[in-house]
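*Asks:* There's a structure below that I have some questions on.
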Amino acid sequence: MNIPFTTNPRPDTGVYNAKLGIWLFLASEVMLFGALFSSYILIRVGAPEVGENAWPLGSDILSVPVAFTNTMVLITSSITMVMAWASLAMKKFDKYKMFMGITIALGLTFLVIKGFEYNSKFEHHLFPSTSNFMAIYFTITGLHVLHVIGGLIVNFYLWIPGAKMWESDPERFTNRIEVAGLYWHFVDLVWIFLFPVLYLL
Amino acid sequence: MSHSAEEVQKHVKVYITVFAALMVLTGVTVGASYLHLGSTAMNITLALIIAGIKGTLVAGYFMHLFTEKAIINWTLALTVVFFIVLLLVPILTELDTISLI
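In the order they appear, the protein sequences are chains A and B. Each residue of the first sequence is one higher than the last, beginning at 1 in the working numbering. Each residue of the second sequence is one higher than the last, beginning at 202 in the working numbering.
Take a look at the structure:
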């Protein structure tokens, strides 16, 4: 049985099905992260102006250079992801392999840096239970890390075992990379907002 | 396929330009956080404007939203409306302290 509209656009929507699917999923993700951003606003606005429970400046507690580096890593992984897709669109499978490999390596780099960052917080006895700030910091960045891990699993599948589809159905495979890319860029997009909100303000 | 090799080749140049812009704007974000604009609210506003520009670049070019089909953009327009409602929810907790009369 053939799955319909994996490559051809569906006449009523104008896009292939997986593209509409991933965008609907990303719309739900906007609401998921949106709820947490909303919670952040609520507890920040509700914090006392002065005293030990006053809202801290992110850069007093968190490391800006580390987060800055991670921002660069994730943005770079976004361009290599889009290049992986563009390589397939230009029928250059070897280049796809290279760019996807770099994307995965950068994703792993992000996780390693994040791991060291979490570890240094724990060493300084900063836990989610320490303060409202640390609670929302660990919740939002933790959820984001889970998204990076999820993206890495999908990207790894498409890099090695799933790449066989390039032989049998190249157009469908190219679309898969586009869809995986849309998710990966979304994860980058969330971080672009997390970085100033948590670390700099 | 909707994208010819030549078209994609042109896109690649755009992607690299966007990437460079994102890198520069990340530096600007950090730099701007050291400015004293008079109030925290002003600094937050500036940071969110820069993040908004970066987000628009990623969504518009890397995620192809500038050239995407109407159904995707309409879906996202609806999402934006709900997202704004979600961000306004904290205001509801203050309603008992605000007098409208």
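All C-beta atoms in this analysis are idealised placements derived from N, C-alpha and C, irrespective of residue type, glycine included.
1) I think B:Leu-287 touches A:Met-31, with their Cβ atoms under 8 angstroms apart; what is that distance to the nearest whole Å?
2) Taking the alpha carbon of B:Lys-211 as the point to measure from, which residue in A:Ile-41, A:Ala-86, A:Val-190 has its own alpha carbon closest?
3) Is B:Met-202 close to chain A? Criterion is C-beta to C-beta, closer than 7 angstroms.
4) Identify each residue in the segment 263–277 of chain B for which the Cβ-Cβ distance to at least one residue of chain A is less than 9 angstroms, and report them in chain order.
5) Which ranges would you report for the beta strand (DSSP E) in the segment 3–50 of chain A if only whole runs of at least 3 residues count?
6) Please state the DSSP three-state secondary structure of B:Gly-261.
7) Mapping DSSP to helix, strand and coil, what is B:Ser-240?
8) Can you tell me the Cβ-Cβ gap for A:Ile-140 and A:Leu-194, rounded? I've got them flagged as a contact below 8 angstroms.
9) Does the beta-carbon of B:Thr-218 have 16 or more other beta-carbons within 10 angstroms, so that it is buried, or is it exposed?
10) What residue range is occupied by the uninterrupted alpha helix (DSSP H) comprising A:Lys-121?
11) Along the chain, where does the alpha helix (DSSP H) containing A:Val-197 start, and where does it finish?
12) Does A:Leu-88 get closer than 7 angstroms to chain B when you measure Cβ to Cβ?
13) Using a Cβ cut-off of 7 angstroms, pull out every chain A residue sitting near B:Ile-250, in sequence order please.
14) Could you list which residues in chain B have their beta carbon closer than 7 angstroms to that of A:Asp-188, in chain order?
15) When we look at the beta-carbon of A:Ile-104 and count the other beta-carbons within 10 Å, is it buried (16 or more) or exposed?
16) Quick one: what's got a C-beta closer than 6 angstroms to B:Met-202's C-beta in the same chain, skipping five residues either side?
17) Measuring CB to CB, does A:Tyr-183 end up less than 7 angstroms from A:Val-64?
18) Grab the span of the alpha helix (DSSP H) containing B:Glu-208 for me, first residue to last.
19) Sort B:Ala-221, B:Ser-205, B:Ala-206 by Cα distance to B:Ile-262 and report the nearest one.
20) By DSSP, does B:Met-202 sit in helix, in strand, or in coil?
21) Can you tell me whether A:Asn-155 is buried or exposed? The criterion is at least 16 other CB atoms within 10 Å of its CB, across all chains shown.
22) Quick check on DSSP: helix, strand or coil for A:Met-90?
23) Quick one, which of A:Glu-178, A:Val-15, A:Ile-61, A:Ser-38 has its alpha-carbon nearest A:Glu-117's?
24) Inspect the beta-carbon positions of B:Val-281 and A:Ala-89 and report whether they are closer than 7 angstroms.
25) Cα-Cα, which of A:Val-197, A:Val-187, A:Leu-201 is closest to A:Ala-27?
26) Out of A:Leu-42, A:Ser-131, A:Ala-84, state which residue places its alpha-carbon closest to the alpha-carbon of A:Gly-51.
27) For a contact defined as C-beta to C-beta under 9 angstroms, what are the partners of A:Thr-6 on chain B?
28) Starting from B:Leu-287, trace the alpha helix (DSSP H) both ways and give me its first and last residue.
29) Round the Cβ separation of A:Phe-110 and A:Val-73 to the nearest angstrom and send it over; I've been treating them as touching at under 8 angstroms.
30) B:Val-282 versus chain A: which residues are under 9 angstroms apart at the beta carbon?
31) With H, G and I counted as helix, E and B as strand and the rest as coil, what does DSSP make of A:Pro-128?
32) Looking at C-alpha atoms only, which residue of A:Asn-8, A:Pro-11, A:Glu-167, A:Leu-201 is the closest neighbour of A:Lys-91?
*Replies:* So, from the listed chains and residues:
1) Numbered from 1 along the second sequence, position 86 holds the residue referred to as residue 287 of chain B. Numbered from 1 along the first sequence, position 31 holds the residue referred to as residue 31 of chain A. Their Cβ separation, rounded to whole angstroms, is 7 angstroms, which keeps B:Leu-287 and A:Met-31 in contact under 8 angstroms.
2) Here the question's residue 211 of chain B lines up with position 10 in the second sequence. Checking every option, the nearest Cα to that of B:Lys-211 belongs to A:Ala-86.
3) As a working note, residue 202 of chain B is residue 1 in the second sequence. Confidence at B:Met-202 is low in this model, with a pLDDT of 42, below 50, so its placement is unreliable and the value that follows should be read with caution. At least one chain A Cβ lies under 7 angstroms of B:Met-202.
4) Phe-263, Met-264, His-265, Glu-269, Lys-270, Ala-271, Ile-272, Ile-273, Thr-276, Leu-277
5) none
6) Stepping through the second sequence from its first residue, residue 261 of chain B is reached at position 60. In the structure shown, B:Gly-261 sits in a helix (DSSP, three-state: H, G or I).
7) The count along the second sequence starts at 1 and reaches residue 240 of chain B at position 39. B:Ser-240: coil per DSSP, three-state reduction.
8) Sequence index remark: in the first sequence, residue 140 of chain A carries index 140 (1-based). Sequence index remark: in the first sequence, residue 194 of chain A carries index 194 (1-based). The Cβ separation is near 6 angstroms, so the contact holds.
9) Taking the first residue of the second sequence as position 1, residue 218 of chain B is located at position 17. Exposed, because fewer than 16 other Cβ atoms sit within 10 Å of the Cβ of B:Thr-218.
10) Mapped onto the first sequence, residue 121 of chain A falls at position 121. Where A:Lys-121 is concerned, the enclosing alpha helix (DSSP H) stretches over 93–123.
11) As a working note, residue 197 of chain A is residue 197 in the first sequence. Counting along the chain, A:Val-197 falls outside any alpha helix (DSSP H), and DSSP gives it neither H nor E.
12) Here residue 88 of chain A is taken as the residue at index 88 of the first sequence, counted from 1. No, A:Leu-88 does not count as interfacial toward chain B.
13) For the purposes of this step, residue 250 of chain B is taken as the residue at position 49 of the second sequence. Those within 7 angstroms of B:Ile-250 in chain A number zero; the least Cβ separation is about 10 angstroms.
14) As a position in the first sequence, residue 188 of chain A is number 188, starting the count at 1. Ordered by position in chain B, the residues that pass the 7 angstroms Cβ test against A:Asp-188 are Val-259.
15) Working through the first sequence from its first residue, we reach residue 104 of chain A at position 104. Looking at its Cβ environment, which holds 16 or more other Cβ atoms inside 10 Å, A:Ile-104 is buried.
16) Counting from 1 along the second sequence, the entry for residue 202 of chain B is found at position 1. In this predicted model, B:Met-202 has a pLDDT of only 42, less than 50, meaning its place in the structure is not dependable; the value taken from the coordinates is given anyway. Within the same chain, B:Met-202 has no close Cβ partners at all.
17) Translated into positions along the first sequence, residue 183 of chain A becomes position 183. Translated into positions along the first sequence, residue 64 of chain A becomes position 64. Going by C-beta atoms, A:Tyr-183 is not nearer than 7 angstroms to A:Val-64.
18) Counting from one through the second sequence, the residue named residue 208 of chain B turns up at place 7. Start and end: 206–234.
19) Counted from its first residue, the second sequence places residue 262 of chain B at position 61. With the sequence shown as reference, residue 262 of chain B is identified as Tyr, and Ile is not the correct amino acid for it. Closest option to B:Tyr-262, Cα to Cα, is B:Ala-221.
20) Here residue 202 of chain B is taken as the residue at index 1 of the second sequence, counted from 1. Low confidence applies to B:Met-202: its pLDDT is 42, below 50, so where it sits in the model is not reliable enough to give any reading.
21) Taking the first residue of the first sequence as 1, we reach residue 155 of chain A at position 155. Buried, because 16 or more other Cβ atoms sit within 10 Å of the Cβ of A:Asn-155.
22) As a working mapping, residue 90 of chain A is identified with position 90 in the first sequence. Coil.
23) As a first step, residue 117 of chain A must be located in the first sequence, where it is residue number 117. With distances taken between Cα atoms, A:Glu-117 lies closest to A:Ile-61.
24) Stepping through the second sequence from its first residue, residue 281 of chain B is reached at position 80. Stepping through the first sequence from its first residue, residue 89 of chain A is reached at position 89. Taking 7 angstroms as the Cβ cut-off, B:Val-281 and A:Ala-89 do not qualify as a contacting pair.
25) Translated into positions along the first sequence, residue 27 of chain A becomes position 27. Checking every option, the nearest Cα to that of A:Ala-27 belongs to A:Val-187.
26) Residue mapping note: residue 51 of chain A aligns to position 51 of the first sequence, counting from 1. Measuring from the Cα of A:Gly-51, the nearest candidate turns out to be A:Ser-131.
27) Locating residue 6 of chain A in the first sequence gives position 6, where the first residue counts as 1. The premise fails here: A:Thr-6 is roughly 13 angstroms from chain B at the closest Cβ pair, so nothing lies under 9 angstroms.
28) Counting from 1 along the second sequence, the entry for residue 287 of chain B is found at position 86. Segment 271–293, the alpha helix (DSSP H) holding B:Leu-287.
29) For this step, residue 110 of chain A is matched to residue 110 along the first sequence. For this step, residue 73 of chain A is matched to residue 73 along the first sequence. Right, their Cβ atoms sit about 5 angstroms apart.
30) Numbered from 1 along the second sequence, position 81 holds the residue referred to as residue 282 of chain B. None at all; the shortest Cβ gap to chain A is about 11 angstroms.
31) Position 128 of the first sequence, counted from the first residue, corresponds to residue 128 of chain A. Looking at A:Pro-128 - three-state DSSP - the assignment turns out to be coil, as it is neither helix nor strand.
32) For the purposes of this step, residue 91 of chain A is identified with residue 91 of the first sequence, where counting begins at 1. Closest by alpha carbon: A:Glu-167.
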